[in-house]
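Scroll down for the structure; my scribbles are underneath it.
Numbering (the UniProt record's numbering), first residue to last: 1 to 204.
As structure tokens, then:
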């Protein structure tokens with residue numbers, strides 16, 4: 001039932017594709033790679049907020065391919081709240097040489113291809129990307145998604161069956177002795193999320 005529904009959703013999504021040059025997103029991935037990605041945004045509401053930057057890194061053969069990182073800053077016309085700046089440190093003046101949103105999103109799509117996507121609270125980041133891909137290409141991201149907080153929950157619930165699982169990012173870093181890279185930006189967050197993902201994969 002679920003697989004049929006997923007297939008139907010994917011088929012309907014593909015039917016909406018406006019630009020055939022992006023049908024590679026729906027093709028079978030043969031790279032055996034994952035892409036971990038993160039976005040920095042003007043806020044936490046995909047309906048009204050915009051992407052300021054996207055960071056991503058590839059994983060293959062149990063290794064983070066740090067030589068293949070992706071980072072792009074996106075032009076923004078809205079005011080960036082002081083609360084957002086406190087989190088990611090991106091100010092309007094930092095976006096002086098940023099790319100237009102369509103260009104930035106297209107570069108990101110070529111980077112990820114049809115690879116499996118990994119993230120921490122990935123649903124939000126995917127919703128932000130879809131905000132741009134829907135009007136531009138007529139589709140949502142069709143890639144398979146892996147949520148690290150779900151993997152972490154599944155790993156911990158076996159040892160604390162009636163416990164309250166702490167899913168905070170810093171908690172997971174400490175649990176697996178992963179160093180906090182300090183500067184909060186999309187690339188660093190993607191790399192740290194990738195490290196958590198590998199720890200969880202190897203613990204299976």
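Ideal placement from N, C-alpha and C gives every residue a C-beta, glycine not left out. The structure displayed is predicted, hence computed values, not measured ones.
Sub-8 angstroms separation of residue i and residue j beta-carbons
i: residue 133; j: residue 141; result: yes
i: residue 49; j: residue 39; result: no
i: residue 44; j: residue 73; result: no
i: residue 16; j: residue 105; result: no
i: residue 165; j: residue 178; result: no
i: residue 19; j: residue 137; result: yes
Unbroken beta strand (DSSP E) run spanning residue i, endpoints
i: residue 37; result: 34-41
i: residue 147; result: 145-147
i: residue 64; result: 63-73
i: residue 87; result: Element bounds for residue 87: not the beta strand (DSSP E) but the alpha helix (DSSP H), 82-88.
i: residue 18; result: From DSSP, residue 18 is part of no beta strand (DSSP E); its letter is neither H nor E.
Cβ-based burial, residue i [other Cβ within 10 Å; buried from 16]
i: residue 143; result: buried
i: residue 168; result: exposed
i: residue 8; result: exposed
i: residue 193; result: buried
i: residue 37; result: buried
i: residue 186; result: buried
i: residue 120; result: buried
i: residue 125; result: buried
i: residue 1; result: Its pLDDT being 46, under 50, residue 1 is placed unreliably by the model, and the measurement read from it follows with that caveat. Exposed is the call here.
i: residue 78; result: exposed
i: residue 32; result: exposed
i: residue 131; result: buried
i: residue 4; result: exposed
i: residue 250; result: Residue numbering for the chain in the displayed model covers 1 to 204; residue 250 lies beyond these limits and cannot be assessed.
Opening and closing residue of the alpha helix (DSSP H) in which residue i lies
i: residue 126; result: 122-137
i: residue 107; result: 101-112
i: residue 194; result: 186-203
i: residue 117; result: Counting along the chain, residue 117 falls outside any alpha helix (DSSP H), though it belongs to the beta strand (DSSP E) covering 116-119.
Nearest-angstrom beta carbon gap, residue j and residue i [assumed within contact, 8 angstroms]
i: residue 115; j: residue 34; result: 6 angstroms
i: residue 145; j: residue 117; result: 5 angstroms
i: residue 14; j: residue 56; result: Actually they do not touch by this definition, with Cβ atoms about 23 angstroms apart.
i: residue 184; j: residue 87; result: 6 angstroms
i: residue 127; j: residue 46; result: 4 angstroms
i: residue 152; j: residue 200; result: 6 angstroms
i: residue 176; j: residue 196; result: 6 angstroms
i: residue 98; j: residue 75; result: 5 angstroms
i: residue 64; j: residue 191; result: 6 angstroms
i: residue 163; j: residue 24; result: That pair is no contact at about 44 angstroms.
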